[in-house]
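Colleague: My questions all concern the structure below.
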Amino acid sequence: MNSNDAILIEVEGVSKKFSRSLKQSMWYGLKDLMSAFLGMNRNRSALRKGEFWAVKEVSFSLKRGDCLGLIGHNGAGKSTLLKMLNGLIRPDEGRITMRGKVGALIELGAGFNPILTGRENIYVNGQLLGFSRKEINEKFQAIIDFAEIGEFLDSPVQNYSSGMKVRLGFSIAAQMEPDVLIIDEVLAVGDAGFKIKCLNRIREILKNSAVIFVSHSMEQIAKTSTSIILLDKGKIEYHDVNVIEGVQMYFSKFSSEKFTKFGDEVEITSFNINDREAIGNSIPLKYGEDLHINFKFRSLVDLEQIKIVILFSDKNMHQLASCNSGPIHLVGNRDEEQSVKVTIPETSFTIGNYGVTVIFFRYLPLSYQLFLSTRYNFISEINVKTEELTNLTSLRFKGIWEV
Amino acid sequence: MPGIEKKHASNISMPVHVYSSDQRSGVFSTMKAVCRDFPVAHSLGFRFAERNIRARYRQSILGVLWALLPPLATAAIWIILNQSNIVTINHAGGNYPLFVITGTMLWSVFSTAVTTPVQTIQANTSILVKINFPREALMITAFYEILFSTGIALVIIAAEIIYFQVPITGHTFLFFPAMIVLIIMGMCFGLLILPVAVLYKDIQFALPTLLQFAMYLTPVVYATPVFSGAAKILALNPVSPVLTSAREWLLGLDANVNWGLIGILAVISIFVLVIGIIIQRIALELLIERMGT
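Same order as they appear, the protein sequences are chains A and B. Going by this note's numbering, the letters in the first sequence line up with residues 525 to 927, in that order. Going by this note's numbering, the letters in the second sequence line up with residues 154 to 446, in that order.
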């Protein structure tokens with residue numbers, strides 16, 4: 525390809541302001557309308573009362589084959605920036621230049637009418653995305669093949685399952701062959717099988733276009749992006765080709781409650797991972813590194829024998845791995861501190877933040893039954909830095925327990 | 154997708170979009186943009202209208218008849234009031250039911266033309282804030298929907314013409330251009346209130362009442378009074394001459410049609426319509442950022 529070095533997206537010092545209050549926003553809207561019609565050149569770069577910068581002085585450029593991951597917390601300005609790139613709203617400062625055909629995977633199945641059939645909706649949605657009628661006729665078979673909606677094609681869309689609806693929406697959008705692609709959080713939809721199809725199709729498009737891609741899935745960002753922008757309160761906080769570093773910064777921005785606790789038979793007095801106080805802190809970890817957990821607890825009631833389970837979960841609180849102790853006979857009296865040391869060799873966490881949950885079970889040897897005693901959840905604890913990107917499925921670590 | 158490589162290998166004429174803060178939305182540049190986008194906007198707008206009409210009547214048994222019920226009900230009330238001599242209406246002679254049904258049908262065409270542009274924008278907020286498509290498409294949708302309901306009104310008018318055996322003369326067909334002027338006039342009002350109506354819902358809430366009020370300020374159920382004080386107020390109403398002329402041409406009562414006035418109103422309406430389309434284009438860009446998601 526000869527056009528690899530052509531810059532397709534150029535964003536120069538772009539800012540956008542918004543108003544916090546609805547009433548004020550409506551009033552400013554009216555004023556803006558008046559000055560637009562009267563041809564007055566209003567001072568767009570001054571903030572009026574109650575306004576704030578949703579996006580402030582953002583600049584970057586992308587070539588064909590580049591994929592920019594745009595991350596940031598809710599309200600950081602990602603969607604506003606995408607809307608400006610898509611030409612929906614105009615910047616208050618700066619300039620955006622987009623070269624080539626622009627495609628946006630923002631709202632799948634936009635404009636679907638529930639009463640109309642899938643077939644009818646394909647034509648409406650396709651035209652909305654910029655296809656001509658002739659193009660839709662040509663791509664029609666490809667769309668229904670991709671969507672796998674089968675005999676539902678002539679049923680009203682309201683009879684579709686929600687999965688079928690997004691599948692159909694994606695299949696229409698997937699027919700685009702854009703030079704510039706804007707993706708907002710819709711990377712993969714549907715069930716597992718369809719997700720793979722989505723990702724394959726997106727990867728095909730990625731090769732031939734400049735892509736801007738917003739997601740809260742850091743795994744997706746890390747896998748696809750060639751550069752990364754971390755937005756915070758509208759400003760670029762980090763912009764580099766080092767995607768992993770950007771993802772790390774994103775995770776370190778979470779501030780949250782230190783832990784949650786259910787039950788009150790047991791109290792954890794200290795909890796260290798790799799010799800660092802772990803509750804409420806971020807523990808860096810590399811792929812394949814050993815994990816050393818030291819913690820102290822005391823029982824507030826009489827417990828003879830317990831079992832301890834340590835769970836690791838991702839940011840969505842999906843349990844990924846667990847590590848169980850054998851039966852632990854509590855030697856001391858109640859209120860006496862017990863010290864536990866666990867070593868988990870060669871952990872295989874992929875990049876991300878993991879929460880730790882510790883559960884104490886009351887163990888009754890006669891009935892071999894476990895009763896939930898106390899449960900601790902620590903949020904965003906283990907911070908895995910790695911170049912190696914693996915898919916971690918639920919697995920069980922073999923720990924070496926010493927009490 | 155084997156097509157991609159080929160397409161990208163020869164990218165001589167890639168479209169370039171520039172969005173910047175210092176772009177001025179001048180009247181002529183906006184008009185040029187409207188003309189450039191027209192073919193795409195038209196086919197998309199037509200598709201939307203087709204979708205809306207299909208979907209609207211697929212779930213109803215009486216279908217399009219519902220659109221005719223309000224004007225027919227108004228006509229029925231006035232026919233009853235007149236025939237029972239509760240009120241005496243000056244209607245320039247002739248058959249009163251014929252006169253009033255035609256009047257309310259024409260008024261329903263006008264009021265649909267006023268309300269549809271705003272309604273179309275409101276109904277499509279979700280795609281306006283998410284997808285970049287030529288915004289005039291929605292005005293074209295509104296236009297076709299207005300044409301569709303006009304078509305239904307025409308069926309009723311045709312039915313009454315046949316039933317009451319109204320003689321058809323050369324002048325009868327002047328009814329059609331007059332009705333088109335009526336539609337354009339209605340759309341003008343609709344487009345002019347659009348920017349404010351999108352921001353402030355008050356307009357939308359007030360519109361049905363205002364239109365009802367305006368109907369009685371227009372000679373719909375009565376004929377234009379000639380020498381009263383009210384005539385002076387009614388003379389300021391630009392809809393009156395168009396509506397009454399259309400009716401008079403159709404029913405062969407066209408003794409006092411002011412041709413010049415109709416011509417001037419037609420030219421003004423078309424001019425205002427063009428302005429209205431430019432206004433809605435400039436306005437929508439500003440309004441979309443205030444619409445939220």
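The beta-carbon is built from N, C-alpha and C at its ideal position, and this holds for glycine as well.
1. Considering only residues of the stretch 752-831 of chain A, which uninterrupted alpha helix (DSSP H) runs meet the minimum length of 4 residues and lie entirely inside it, listed in chain order?
2. Over what stretch of residues does the beta strand (DSSP E) that includes residue 581 of chain A continue unbroken?
3. Name the chain B residues whose beta carbon is nearer than 7 angstroms to that of residue 639 of chain A?
4. Could you work out which residues of chain B lie near residue 623 of chain A, taking near to mean beta carbons separated by less than 7 angstroms?
5. Going straight from the alpha carbon of residue 793 of chain A to that of residue 871 of chain A, what length do you get?
6. Tell me whether residue 185 of chain B sits in a helix, a strand or coil according to DSSP, three-state version.
7. Pull up the distance between the alpha-carbon of residue 674 of chain A and that of residue 642 of chain A, whole angstroms please.
8. At 4 residues or longer, what runs of the alpha helix (DSSP H) sit wholly inside the stretch 581-653 of chain A?
9. Counting only Cβ pairs nearer than 7 angstroms, list the residues of chain A close to residue 353 of chain B.
10. Exposed or buried, which one is residue 645 of chain A when buried takes at least 16 other CB atoms within 10 Å?
11. With H, G and I counted as helix, E and B as strand and the rest as coil, what does DSSP make of residue 877 of chain A?
12. So residue 742 of chain A contacts chain B; which residues on that side make the cut at Cβ distance below 8 angstroms?
13. Closest Cβ-Cβ distance between residue 615 of chain A and chain B: below 7 angstroms?
14. Would you mind working out which of B:406, B:264, B:224 and B:297 sits nearest residue 327 of chain B, comparing C-alpha positions?
15. Quick check: what's the CA-CA separation for residue 884 of chain A versus residue 927 of chain A?
16. From what residue to what residue does the beta strand (DSSP E) around residue 708 of chain A run?
17. What residues in its chain sit with their C-beta under 7 angstroms from that of residue 1009 of chain A, if we drop five residues either side in the sequence?
18. Identify the contact partners of residue 610 of chain A in chain B, using a Cβ-Cβ distance below 7 angstroms as the criterion.
19. Would you say residue 436 of chain B reaches chain A, if we count a Cβ-Cβ gap shorter than 7 angstroms as a contact?
20. Identify whether residue 261 of chain B lies in helix, strand or coil by the three-state DSSP scheme.
21. Beta-carbon of residue 442 of chain B versus every beta-carbon of chain A: anything under 7 angstroms?
22. Keeping to the same chain, check which residues put their C-beta closer than 8 angstroms to that of residue 684 of chain A; ignore five residues upstream and five downstream.
23. Alpha carbon to alpha carbon, how far is residue 741 of chain A from residue 592 of chain A? Give it in angstroms, no decimals.
24. Taking the Cβ atom as the reference point for each residue, do residue 540 of chain A and residue 616 of chain A lie within a distance shorter than 7 angstroms?
25. Using a Cβ-Cβ cutoff of 9 angstroms, what residues of the stretch 317-350 of chain B are near chain A? List them in chain order.
26. Please report the distance separating the alpha-carbon of residue 538 of chain A from that of residue 621 of chain A.
27. Give the residues of chain A in contact with residue 201 of chain B, contact being defined as C-beta atoms less than 9 angstroms apart.
28. Interface residues of chain B around residue 657 of chain A at Cβ under 9 angstroms?
29. Could you check if residue 722 of chain A is buried or exposed, using at least 16 other CB atoms within 10 Å of its CB as the buried criterion?
30. Where does residue 283 of chain B sit, in a helix, a strand or coil, going by DSSP?
31. When Cβ atoms are compared, which residues of the stretch 270-298 of chain B fall closer than 9 angstroms to chain A?
32. Mind checking whether residue 836 of chain A and residue 774 of chain A have CB atoms under 7 angstroms apart?
33. Going by CA-CA distance only, name the one from A:552, A:546, A:563 and A:553 that's closest to residue 183 of chain B.
34. What does DSSP give as the partner residues of residue 734 of chain A in its beta bridges?
35. Assuming contact is defined by CB atoms lying nearer than 7 angstroms, are residue 698 of chain A and residue 725 of chain A in contact in what I supplied?
36. If I follow the unbroken alpha helix (DSSP H) through residue 661 of chain A, where does it start and stop?
Modeller: In short:
1. Those alpha helix (DSSP H) runs which fall completely within the stretch 752-831 of chain A and span 4+ residues are 767-776.
2. Within the first sequence, the letter at position 57 stands for residue 581 of chain A. Residue 581 of chain A -> beta strand (DSSP E) spans 575-587.
3. Here the question's residue 639 of chain A lines up with position 115 in the first sequence. Correct list: 208, 211 and 212.
4. If you number the first sequence from 1, residue 623 of chain A lands on position 99. The contacting residues are 167 and 169.
5. Along the first sequence, read from residue 1 onward, the residue named residue 793 of chain A stands at position 269. Along the first sequence, read from residue 1 onward, the residue named residue 871 of chain A stands at position 347. If I take the Cα positions, the gap works out to 25 angstroms.
6. In the second sequence, the residue the question calls residue 185 of chain B occupies position 32. When secondary structure is reduced to three states using DSSP, residue 185 of chain B falls in the helix class.
7. Taking the first sequence and counting its residues from 1, the one referred to as residue 674 of chain A is at position 150. Taking the first sequence and counting its residues from 1, the one referred to as residue 642 of chain A is at position 118. Straight across, the Cα-Cα distance linking residue 674 of chain A with residue 642 of chain A is about 10 angstroms.
8. Runs of the alpha helix (DSSP H) inside the stretch 581-653 of chain A: 602-609 and 642-652.
9. Locating residue 353 of chain B in the second sequence gives position 200, counting from the first residue. Those within 7 angstroms of residue 353 of chain B in chain A are 550.
10. The residue labelled residue 645 of chain A in the question sits at position 121 within the first sequence. Residue 645 of chain A comes out buried.
11. Taking the first sequence and counting its residues from 1, one reaches residue 877 of chain A at position 353. In the three-state reduction of the DSSP assignment, residue 877 of chain A falls in the strand class.
12. Here residue 742 of chain A corresponds to residue number 218 of the first sequence, with the count starting at 1. None at all; the shortest Cβ gap to chain B is about 23 angstroms.
13. Residue numbering aside, residue 615 of chain A sits at position 91 when the first sequence is read from its first letter. Judged by the 7 angstroms Cβ criterion, residue 615 of chain A is in contact with chain B.
14. Translated into positions along the second sequence, residue 327 of chain B becomes position 174. Out of B:406, B:264, B:224 and B:297, B:406 has the C-alpha closest to the C-alpha of residue 327 of chain B.
15. Numbered from its first residue, the first sequence carries residue 884 of chain A at position 360. Numbered from its first residue, the first sequence carries residue 927 of chain A at position 403. Here the alpha carbons of residue 927 of chain A and residue 884 of chain A stand approximately 14 angstroms from one another.
16. Taking the first sequence and counting its residues from 1, the one referred to as residue 708 of chain A is at position 184. Per DSSP, the unbroken beta strand (DSSP E) holding residue 708 of chain A starts and ends at 704-708.
17. Nothing in the structure corresponds to residue 1009 of chain A, since chain A is present only between 525 and 927.
18. Numbered from 1 along the first sequence, position 86 holds the residue referred to as residue 610 of chain A. In chain order: 285.
19. The residue labelled residue 436 of chain B in the question sits at position 283 within the second sequence. So yes, residue 436 of chain B belongs to the interface.
20. Translated into positions along the second sequence, residue 261 of chain B becomes position 108. Three-state DSSP puts residue 261 of chain B in a helix.
21. Taking the second sequence and counting its residues from 1, the one referred to as residue 442 of chain B is at position 289. Yes, residue 442 of chain B counts as interfacial toward chain A.
22. For the purposes of this step, residue 684 of chain A is identified with residue 160 of the first sequence, where counting begins at 1. Taking C-beta separations shorter than 8 angstroms and ignoring five residues to either side along the sequence, the partners of residue 684 of chain A in its chain run 642, 673, 676 and 692, following chain order.
23. What you label residue 592 of chain A is simply residue 68 of the first sequence in a count that begins at 1. What you label residue 741 of chain A is simply residue 217 of the first sequence in a count that begins at 1. Each residue's alpha carbon lies about 14 angstroms from the other.
24. By 1-based counting over the first sequence, the position of residue 540 of chain A is 16. By 1-based counting over the first sequence, the position of residue 616 of chain A is 92. Against a cut-off of 7 angstroms, the Cβ pair of residue 616 of chain A and residue 540 of chain A comes out as a contact.
25. Closer than 9 angstroms at the C-beta level to chain A, one finds these residues of the stretch 317-350 of chain B: 348 and 349.
26. Position 14 of the first sequence, counted from the first residue, corresponds to residue 538 of chain A. Position 97 of the first sequence, counted from the first residue, corresponds to residue 621 of chain A. Rounded to the nearest angstrom, the two C-alpha atoms are 11 angstroms apart.
27. Within the second sequence, the letter at position 48 stands for residue 201 of chain B. The answer, in chain order, is 635, 648, 651 and 652.
28. The count along the first sequence starts at 1 and reaches residue 657 of chain A at position 133. Per Cβ cutoff of 9 angstroms: 196 and 200.
29. In the first sequence, the residue the question calls residue 722 of chain A occupies position 198. Answer is buried; the Cβ neighbour count reaches 16.
30. Translated into the one-based positions of the second sequence, residue 283 of chain B becomes position 130. DSSP places residue 283 of chain B in coil when its eight states are reduced to three.
31. Per Cβ criterion, the list reads 277, 279, 280, 281, 282, 283, 284, 285, 286 and 290.
32. Stepping through the first sequence from its first residue, residue 836 of chain A is reached at position 312. Stepping through the first sequence from its first residue, residue 774 of chain A is reached at position 250. Cβ distance not < 7 angstroms, so residue 836 of chain A and residue 774 of chain A don't count as in contact.
33. Stepping through the second sequence from its first residue, residue 183 of chain B is reached at position 30. Selected option, being the one with the closest Cα: A:563.
34. Working through the first sequence from its first residue, we reach residue 734 of chain A at position 210. DSSP, once it has assigned bridges, lists A:704 as partnering residue 734 of chain A.
35. Taking the first residue of the first sequence as 1, we reach residue 698 of chain A at position 174. Taking the first residue of the first sequence as 1, we reach residue 725 of chain A at position 201. The answer is yes: Cβ separation under 7 angstroms.
36. Locating residue 661 of chain A in the first sequence gives position 137, counting from the first residue. Per DSSP, residue 661 of chain A belongs to the alpha helix (DSSP H) from 657-671.
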